[in-house]
Amino acid sequence: MTVKKLLFLLTVLLSVQGFAQKKTFAYSQIQTRNDKQQWGDNKFVGTQLARFTDTQIDVKADKDYHLSIVSKTDLPDNGVIYLCKDEKSNQVTVMLIDNVKMYLYSQTKRFLINFDVFSSHALMADSD
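Residue numbering for the sequence shown is -20 to -1, 1 to 108, as defined by mature numbering (1 follows the signal peptide of the UniProt record, and there is no 0).
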């Protein structure tokens, strides 16, 4: 009887995982903030991808970030704040604004990534 319950629970968990929200955004420019808290000029980085799942965010800014999501807060106007931990358990905050841009805050580093609109919409459709 216990094995049947365990198999049922495992089946339900795997089914729910299939409905996990996945988003992929393309970007080719990154901005950083200077010591005066001003955003610098766009730095072209070639086409990169930012991938969001329910549990993880993968993005490249000054390095590859593989972030585990600790908590998620929905904001008005389609915004989301993700409190994350990186591979070394450092706190990293990611703000996703209306699937158009994201801010990444890691220790003293600040990044603004504007998504490439046409590429991102096509990638989002593919990942659903």
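Ideal Cβ placement from N, Cα and C applies to all residues, glycine included.
In the DSSP annotation of this structure, the continuous segment of the beta strand (DSSP E) that includes Ala6 starts and ends at 3 to 12.
In this structure, the beta-carbon distance from Thr35 to Ile49 falls below 7 Å. Between the segment 67 to 83 and the segment 10 to 22 there are fewer than three C-beta pairs closer than 8 Å, too few to call the two in contact. Counting along the chain, Thr27 sits inside the beta strand (DSSP E) bounded by residues 23 to 32.
Excluding five sequence positions before and after Val25, the CB atoms of its chain that fall closer than 6 Å to its own CB belong to Ile10, given in chain order.
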